[in-house]
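Residue numbers (the numbering used here), protein chains in the order written: chain A, 780 to 1418; chain B, 521 to 622. Notes follow the structure.
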Amino acid sequence: MVTANLAYLIPLFPLLAFVINILFGRYVKDKACWISVGASALSCGIAWPLIVGVIGGTTYHHDFAWLALGGVDLKFGYLLDPLAATLLFVVTLVGTLIQIYAIGYMKGEARFSRFFAYLSLFMFGMLGVVISDNFLLFFMCWEVMGLCSYLLIGFYSEKDSAANACKKAFLTTRVGDVGFLLGILALFTLAGTLSFAELHDAVELNRDSQLMITVTALLLFCGTIGKSAQVPLHVWLPDAMEGPTPVSALIHAATMVAAGVFLVARAYPLIEASAQAAQVIAIVGTVTALTAACVALTATDIKKVLAYSTISQLGYMVAAMGCGAMVAGIFHLMTHAFFKALLFLGAGSVIHGTGTQDLREMGGLFPKMKSTAWTFLIASLAIAGVPPLAGFWSKDEILLAAHQYGNLYYYALSLTAFLTAFYMFRLFVLTFLGKPRNPDIHAHESPKSMTGPLWVLAVGSILVGLPGSFLAHNWFQDFLNRGHEVEHPVNYTVMITSIALGLAGIALAFLLYRGGLGMGEKLARSLAWPHRVSMNKFWIDEAYAAWLVRPWHALARLLFGLDAKVVDGAVNGTGAGTLGGSRVSGWFDKYIIDGTVNFIAAFTQFCSDIFRLFQTGFIQNYLLIVFAAVVFILYFGIR
Amino acid sequence: MIIPLEHVLLFSLILFAIGMVGVLTRRNAIGILISIELLLNAVNVNLVCFSRVSEDPMAGQMFAFFVIALAAAAAAVGLAIVVAIYRTRNTVQTDEIQLLKW
């Protein structure tokens, strides 16, 4: 197990890269990217042999006492089980590819080294989350990711929109994280352990306190709602697209937001033990998937479409978790990481080539950006659920689970699948097909360092679904479910429906948008009301502004007023009082104390002025006085 | 002929008064010294005079000799001071010497 302890190094390499880049950024300058990429590559180099070991049947686990709390030791350590190995594979591979891509994308940016420093710090946080073996360490690394998310969304902090977006993201996820922290405390109270490995047994022991289990599970799920942008805390993710595109791809599509799903998977024993919690999770996931897909239909910013698509897909994963199909959720997480990262990087390539993010100005880019277009097409097919690409297999698993869990969930998720196919191909057609709509844009293909990762991810998007398909005898599911024999039912009705819905969506998108924007606009006019709902994102931002932000601002203003009037008033009053007191005291000092002293002095001087007149200096005057005195004394003395 | 005591005392008083006026009014330091001699001599006369009527006549006369001796010493010291003042201030007029004035 000596070599396995190298697992501690996996997150530490990116941390080292962060330290170098943040402290010595001005010296390494353009080489910053190679430090970060190198650190990620080293992490890969350590992680992959371990992953192979996990696939071979071992589970690596090591911990050490970090803090003794009374009789209980809080332990830190790593746990590499199939779940962690899956995530580790995705994060190291996608993370490294996206950093390579970022070399080309961020070329010539100011604060180049700082960007890579943040990316490395993020990698540290994410890898820490993945390999940590308990909720506390998980939470710490989780917060590191939150910080990086904040820093990177606000990377162009001179733009107001970016500054606001990062603030919004940080505050919104914080709401969820408070719940998460409370959940950890509740779990510690309930089970007396925070370790993932002991969680299952601990929950079995406390089976009787059903209410507590439900509350704990839901509190932990709050973290997911915040981080994975589930309704009602999803509002930060679309705004998070203000960050540089590689960041959107890495943090806000492929890895960090998926960490919420990973959290649910880690807390799965709790959710299995509480049907109510599972149902809440399924409902939240389904509602998120459907509403986000509806909003994605009308978005005109290429990154916004992808952001809502991400929310929708995360909803899919969460819904799968709630429906009791943890494996399907993780499977979709893995496939989604590949094709969504690819979509974002493709979008970044398009933005890099055209200089605009607005779909209405694009069009006809296919011949100019061949690599980008082809890889984008592959990713779109994957997310639309066209077999045998990755998305099909994982989505099919989730639909199957939903089908078994409840019809309503199944219909909602199927509808989402249709909408997903539609908006993705609306995006694809508007971007790459048709005629260029803005003659001022002269698109060009991106450099090799950008298209290279695109192709690797495209291959991934095609292949990563296969281990979980019936073609490979559901190897992936058995891998995650190690030790438990499970049935792998194949439901051809569900499968064929899902294929049909995907193809229908694609066909409809081609039909509507092949000739440009005209048909779509006509349709929007005839369906004015639903179009408005979608355009305005269900007015959720507005609702927050009206019912949360405004009262909060009012409260803040009230408290500010209170501060200004009462607290400052008290301080100023004290100041003024002291000043007045000192004036009185000063006056007293000056006129009474000093006055007395001066009076005594003046009186003495006055007397002296009189008495010194006797001091004539004439010796005879003195003698006369002496004589007179003697006569006087003799006269009265003798008498 | 025995001069009556009253006459001698009266003479001594007059002599003392003349000396006193001299001491208080003379401006010249030498004059003052001379006047002091007058005062002392007035006292001597008094002493001698009272010694005649006292039970121990020698005491008064001895006292007078002491006074004469001391007067000579005092006059010497006084003259020395006057000479010293004259050397430093070029005058012996007391109204011009006001070192003790405020």
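All C-beta atoms, glycine included, are put in the ideal place defined by N, C-alpha and C.
Reference residue i, options the options, closest by Cα
i: Y1190(A); options: G1125(A), G1354(A), G1143(A) and T1276(A); result: T1276(A)
i: V1040(A); options: A1061(A), P1025(A) and T1133(A); result: A1061(A)
i: I789(A); options: V909(A), S1053(A) and G1134(A); result: V909(A)
i: C927(A); options: A1078(A), C823(A) and S1027(A); result: S1027(A)
i: S1088(A); options: L1069(A), L1337(A), A1099(A) and A1279(A); result: L1069(A)
i: G1142(A); options: Y1188(A), R1205(A), N1186(A) and C1102(A); result: R1205(A)
i: A847(A); options: H1131(A), T972(A) and Y787(A); result: T972(A)
i: L530(B); options: N566(B), I556(B), I552(B) and V612(B); result: N566(B)
i: H1310(A); options: T1077(A), A1286(A) and C1102(A); result: T1077(A)
i: F1171(A); options: L1306(A), L1112(A), F967(A) and L821(A); result: L1112(A)
i: C1102(A); options: W1153(A), A1181(A), P1017(A) and L1122(A); result: A1181(A)
i: A591(B); options: E557(B), I522(B), G539(B) and T545(B); result: E557(B)
i: K1006(A); options: T1034(A), F1385(A) and F1197(A); result: T1034(A)
i: D1018(A); options: D939(A), V1312(A), A1037(A) and N985(A); result: D939(A)
i: D1080(A); options: G1416(A), A1099(A) and I1130(A); result: I1130(A)
i: A786(A); options: I814(A), C812(A) and W827(A); result: W827(A)
i: A1283(A); options: A1044(A), G1164(A) and D1320(A); result: G1164(A)
i: I1004(A); options: L978(A), Q878(A), V1269(A) and A1098(A); result: A1098(A)
Residues bridged to residue i [DSSP beta-bridge criterion]
i: C854(A); result: The residue asked about is misnamed: residue 854(A) is Lys in this sequence, not Cys. Bridge partners of K854(A): A844(A).
i: Y839(A); result: L859(A)
i: S974(A); result: N913(A)
i: D1080(A); result: D1137(A)
i: N548(B); result: Q613(B)
Residue i - containing alpha helix (DSSP H), residue span
i: Y1190(A); result: N1186 to F1211
i: Q1009(A); result: Careful: Q1009(A) lies outside any alpha helix (DSSP H) and carries neither H nor E.
i: D1347(A); result: D1347 to W1366
i: N1400(A); result: I1398 to I1417
i: R1045(A); result: M1035 to R1045
i: D1257(A); result: W1254 to L1259
i: I522(B); result: No alpha helix (DSSP H) holds I522(B); DSSP gives it neither H nor E.
i: A1019(A); result: Taken as a continuous stretch (DSSP letters only), A1019(A) belongs to no alpha helix (DSSP H), as it is neither H nor E.
i: C1241(A); result: A quick correction: the sequence has Ile, not Cys, at residue 1241(A). Per DSSP, I1241(A) belongs to the alpha helix (DSSP H) from K1227 to L1242.
i: H1310(A); result: A1307 to M1314
i: P1330(A); result: R1329 to L1341
i: A1380(A); result: D1373 to F1390
i: G1064(A); result: A1054 to A1075
i: T1154(A); result: K1149 to A1163
i: F797(A); result: L788 to L802
i: S819(A); result: A811 to I834
C-beta contact flag for residue i and residue j at 8 Å
i: F1289(A); j: V1208(A); result: yes
i: T1067(A); j: V994(A); result: no
i: L930(A); j: P793(A); result: no
i: V587(B); j: V563(B); result: yes
i: L525(B); j: C569(B); result: yes
i: L866(A); j: P1232(A); result: no
i: K621(B); j: G1396(A); result: yes
i: V1059(A); j: L997(A); result: yes
i: S1193(A); j: G1247(A); result: no
i: A1200(A); j: I1285(A); result: yes
i: N800(A); j: S892(A); result: yes
i: L1124(A); j: L1236(A); result: yes
i: D912(A); j: A864(A); result: no
i: R1116(A); j: V869(A); result: The sequence given here has Ala at residue 1116(A), not Arg. The answer is yes: Cβ separation under 8 Å.
i: Y839(A); j: Y857(A); result: yes
i: L999(A); j: V1106(A); result: no
Contact set between residue i and chain B, taken where Cβ atoms lie within less than 7 Å
i: T1383(A); result: Near T1383(A) there are no residues of chain B at all, since even the closest Cβ is about 15 Å away, more than 7 Å.
8 Å Cβ cut-off: residues of chain A touching residue i
i: Q618(B); result: T1395, G1396 and F1397
i: V543(B); result: Q1399 and L1402
Proximal chain A residues relative to residue i, where beta-carbon distance stays under 7 Å
i: D615(B); result: F1397
i: M540(B); result: F1406
Listed by chain order, chain B residues near residue i by CB distance under 8 Å
i: F1411(A); result: Within chain B, no residue comes near F1411(A); the closest Cβ sits about 15 Å away, beyond 8 Å.
Proximity test, residue i beta-carbon vs the ligand MN heavy atom, cut-off 7 Å
i: L533(B); result: Judged by which ligands are present, the structure shown has none, so any question about the ligand MN falls away.
Short CB-CB distance (under 8 Å) between residue i and chain D
i: S574(B); result: Protein chains A and B are contained in the structure displayed, whereas chain D is not.
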